[in-house]
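A.B. asks: Encoded as structure tokens, here's the structure I'll be asking about.
There are 2 protein chains.
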Amino acid sequence: MKTIAIIDDDQYIGDMLSEVLAKEGFSVLRAYSGTEALYLLKEKKPDLVLLDLMLPGMSGEEVLSYIKGIPVIVLSARADVKDKIALLLGGAADYMTKPFDTGELLARIAVQLRRRDSLKEAAFLTAGDLSIDLLSRSLSVCGKEVRLTRTEYAILKLLMENPERVIARSVLLDRIGADTPDCTERSLKQHISNLRKKLQDAGGMDYIETVWGIGFKLRDPES
Amino acid sequence: MKTIAIIDDDQYIGDMLSEVLAKEGFSVLRAYSGTEALYLLKEKKPDLVLLDLMLPGMSGEEVLSYIKGIPVIVLSARADVKDKIALLLGGAADYMTKPFDTGELLARIAVQLRRRDSLKEAAFLTAGDLSIDLLSRSLSVCGKEVRLTRTEYAILKLLMENPERVIARSVLLDRIGADTPDCTERSLKQHISNLRKKLQDAGGMDYIETVWGIGFKLRDPES
DNA sequence: GCAATTCTTCAGGGCTCTTTCAAGATGACG
DNA sequence: CGTCATCTTGAAAGAGCCCTGAAGAATTGC
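The listed protein sequences derive, respectively, from chains A and B. For what it's worth, the working numbering labels the leading residue of the first sequence as -18, then goes sequentially. For what it's worth, the working numbering labels the leading residue of the second sequence as -18, then goes sequentially.
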């Protein structure tokens, strides 16, 4: 669950925002002054900050300059373009002029949070219940993690890259040859067997179909 | 130098934007239709896209859905809040209504580009219980300070920059080569061992997972 | 139905990769 | 020069993986 900090001394607007955000499933923190805000940010680490500029004590600009690594959306009654520019260049991630549409605010919040998560861009290869994370080199079957050896991984990856297509044993050997140079037709059978067992234990069905006299293929998911 | 793609069929606005951006030191690409835009994005890889919604042939929304990994700022004459929300949730990084202030546009462009680089600027690098202060080059595990040698620091930093991703030993050697030129595969193992011991002593678990025959990766925090 | 062939599985041996302990080499600093 | 921290290297123990042999099951052809 994501946490959002609201830094605004206006009780009415703050309550309204808090209610809207809570209804969207966010966890909400409140601060009513600059110094309070800094303390709050240091203690808890929110995922995003909504910052009003008119604060008692410390200016919003000053608060902004202290916030590092957390996206800040500035909310302000000031509509002057110069202010906007200064704040955006000063570190704000976005700027909205009061009064604002709450739907748009939620959308812009979503943009900032989405951006944070997209840093770890995932690369997946899926086929039926099977899903390989290419980056972490890990397989999940029906959500369960399954440990694979290097050869097993290479075999399954090749099969999943060509779903529903028969892969001849010789081709299979050829393609995984880079990883395991001395894999023979005999040992390949063993690897297939081991792979089947692991998948069976995790997923409850036999995903690998043997094509008699030729090789193997990934079984049709909806069969 | 950063490259920005302008996707707009309006010659006048496009020229104006192009001039402003060029004056700011950006390299500018142009496209005048959706299909042209997709081709352009595939060939060159701009750092940012300015997308007009009124395009001949393909709708701006459609173009947007094809763009992955590059921030898109939508420029549109449509001021309807519903449109804004739909586009922001649909992947746009920002939305500006024509006519817009070029200063503000430049500021918002700067925000998006800054965000892209923010990995390097971040003062902290965290992954699970581990937290590195990049400025003081210090590591804390569950709040406890841990002293690392130069090589250990380089290794752990690289692993933490790619959490949950397998790093081949050769890659690891390559990337930390700048700090320790004569680190071999053999000595790398020793460093990993030492690093593990320190982390274990401080955090109580083994954060570094070995991927047999390949390399290492940082263990999933919530596992 | 029966034999021949191919495929699957079990179990064991051997090999490679990995880890760790320990000791030597290198270099900075007083 | 001696100490300290760091990096490298050697060797042995341990773990994991791959290959092979043999027996049982499945498929094909007659």
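Even for Gly, the Cβ is constructed at its ideal location relative to N, Cα and C. Only a predicted model underlies this, so the values are computations on that prediction, with no experimental measurement involved.
Taking 8 Å as the threshold (beta carbon to beta carbon), is B:ARG146 in contact with chain A?
C.D. replies: On the second sequence, position 165 is the one that residue 146 of chain B refers to. Yes, contact with chain A.
A.B. asks: Between the stretch 81 to 100 of chain A and the stretch 105 to 120 of chain B, do at least 3 Cβ pairs fall closer than 8 Å?
C.D. replies: The answer is no - the stretch 105 to 120 of chain B does not touch the stretch 81 to 100 of chain A, with fewer than three Cβ pairs under 8 Å.
A.B. asks: Among the candidates A:VAL152, A:ILE90, A:PHE197, whose CA atom is the shortest distance from the CA of A:VAL293?
C.D. replies: This structure cannot speak to residue 293 of chain A, because chain A is shown only from -18 to 204.
A.B. asks: If the criterion is Cβ atoms closer than 8 Å, does the pair B:LYS79 and B:LEU45 meet it?
C.D. replies: Within the second sequence, residue 79 of chain B is the residue found at index 98, counting from 1. Within the second sequence, residue 45 of chain B is the residue found at index 64, counting from 1. No, the Cβ-Cβ distance between B:LYS79 and B:LEU45 is not below 8 Å.
A.B. asks: Below 8 Å between beta carbons: does that hold for A:ASP110 and A:CYS123?
C.D. replies: Translated into the one-based positions of the first sequence, residue 110 of chain A becomes position 129. Translated into the one-based positions of the first sequence, residue 123 of chain A becomes position 142. A contact, by the Cβ cut-off of 8 Å.
A.B. asks: Any idea what DSSP makes of B:TYR76, helix, strand or coil?
C.D. replies: For this step, residue 76 of chain B is matched to residue 95 along the second sequence. B:TYR76: strand per DSSP, three-state reduction.
A.B. asks: Listing by chain order, which chain A residues have their CB less than 7 Å from the CB of B:VAL92?
C.D. replies: Within the second sequence, residue 92 of chain B is the residue found at index 111, counting from 1. Within chain A, the residues near B:VAL92 are LEU69, ALA74.
A.B. asks: Terminal residues of the continuous alpha helix (DSSP H) containing B:VAL1?
C.D. replies: Counting from one through the second sequence, the residue named residue 1 of chain B turns up at place 20. Start and end: -8 to 4.
A.B. asks: Considering just the uninterrupted stretch of the alpha helix (DSSP H) at A:ILE136, what are its terminal residues?
C.D. replies: Position 155 of the first sequence holds residue 136 of chain A. Its alpha helix (DSSP H) spans residues 131 to 142.
A.B. asks: When the Cα atoms are used, what is the spatial distance from A:THR16 to A:LEU36?
C.D. replies: Here residue 16 of chain A refers to the residue found at position 35 when the first sequence is read from its first residue. Here residue 36 of chain A refers to the residue found at position 55 when the first sequence is read from its first residue. Approximately 10 Å between the Cα atoms of the pair.
A.B. asks: Does any residue of chain A have a CB that is nearer than 8 Å to the CB of B:ARG89?
C.D. replies: As a position in the second sequence, residue 89 of chain B is number 108, starting the count at 1. True, the Cβ-Cβ gap to chain A drops below 8 Å.
A.B. asks: Less than 8 Å between the CB atoms is what I'm expecting for B:VAL9 and B:ILE(-13), so what's the real figure, rounded?
C.D. replies: The residue given as residue 9 of chain B occupies position 28 in the second sequence. The residue given as residue -13 of chain B occupies position 6 in the second sequence. Contact flag correct, Cβ pair sits at about 6 Å.
A.B. asks: Please list, in chain order, all residues of the same chain as A:LYS49 whose beta carbon is under 7 Å from its beta carbon, the five residues on each side excluded.
C.D. replies: Within the first sequence, numbered from 1, the residue matching residue 49 of chain A stands at position 68. Cβ within range, chain order: n/a, list empty.
A.B. asks: Of the residues B:ARG146, B:HIS172, B:GLY194, which one's Cα is nearest the Cα of B:ALA135?
C.D. replies: For the purposes of this step, residue 135 of chain B is identified with residue 154 of the second sequence, where counting begins at 1. Closest option to B:ALA135, Cα to Cα, is B:HIS172.
A.B. asks: B:ILE195 versus chain A: which residues are under 8 Å apart at the beta carbon?
C.D. replies: Here residue 195 of chain B refers to the residue found at position 214 when the second sequence is read from its first residue. Result: ARG118, ARG131.
A.B. asks: Does A:VAL62 get closer than 8 Å to chain B when you measure Cβ to Cβ?
C.D. replies: Residue numbering aside, residue 62 of chain A sits at position 81 when the first sequence is read from its first letter. For A:VAL62, the answer is yes, since a Cβ of chain B falls inside 8 Å of its Cβ.
A.B. asks: Quick check: B:VAL53 and B:GLY72, are their CB atoms within less than 8 Å of each other?
C.D. replies: Position 72 of the second sequence, counting from 1, holds the residue named residue 53 of chain B. Position 91 of the second sequence, counting from 1, holds the residue named residue 72 of chain B. B:VAL53 is a Cβ neighbour of B:GLY72, given a cutoff of 8 Å.
A.B. asks: Do you know offhand how far A:SER168's Cα is from A:VAL92's?
C.D. replies: Working through the first sequence from its first residue, we reach residue 168 of chain A at position 187. Working through the first sequence from its first residue, we reach residue 92 of chain A at position 111. Roughly 51 Å separates the two Cα atoms.
A.B. asks: Going along chain A, which residues have a C-beta under 8 Å from B:ASP28?
C.D. replies: As a first step, residue 28 of chain B must be located in the second sequence, where it is residue number 47. By Cβ distance, chain A contributes nothing, its closest Cβ being about 15 Å from B:ASP28, past 8 Å.
A.B. asks: Apart from the five residues just before and just after B:GLU42, which ones in its own chain have a Cβ nearer than 6 Å to its Cβ?
C.D. replies: Here the question's residue 42 of chain B lines up with position 61 in the second sequence. Taken in chain order, the list of residues that qualify is empty.
A.B. asks: Could you name the residues of the same chain whose beta carbon sits closer than 6 Å to that of A:VAL127, not counting the 5 residues immediately before and after it, in chain order?
C.D. replies: Here residue 127 of chain A corresponds to residue number 146 of the first sequence, with the count starting at 1. Cβ neighbours of A:VAL127 beyond the five flanking positions: LEU120, LYS179, ALA183.
A.B. asks: For the alpha helix (DSSP H) containing A:ILE173, name the first residue and the last one.
C.D. replies: Here the question's residue 173 of chain A lines up with position 192 in the first sequence. Looking at the DSSP string, the run of the alpha helix (DSSP H) that includes A:ILE173 is 166 to 184.
A.B. asks: To the nearest angstrom, report how far apart B:ILE51 and B:LEU29 are at their CA atoms.
C.D. replies: Stepping through the second sequence from its first residue, residue 51 of chain B is reached at position 70. Stepping through the second sequence from its first residue, residue 29 of chain B is reached at position 48. Taking the straight line joining both Cα atoms gives about 6 Å.
A.B. asks: Strictly below 9 Å CB to CB, what residues from chain A border B:GLY84?
C.D. replies: Position 103 of the second sequence, counting from 1, holds the residue named residue 84 of chain B. The answer, in chain order, is VAL62, LYS63, LYS65, ILE66.
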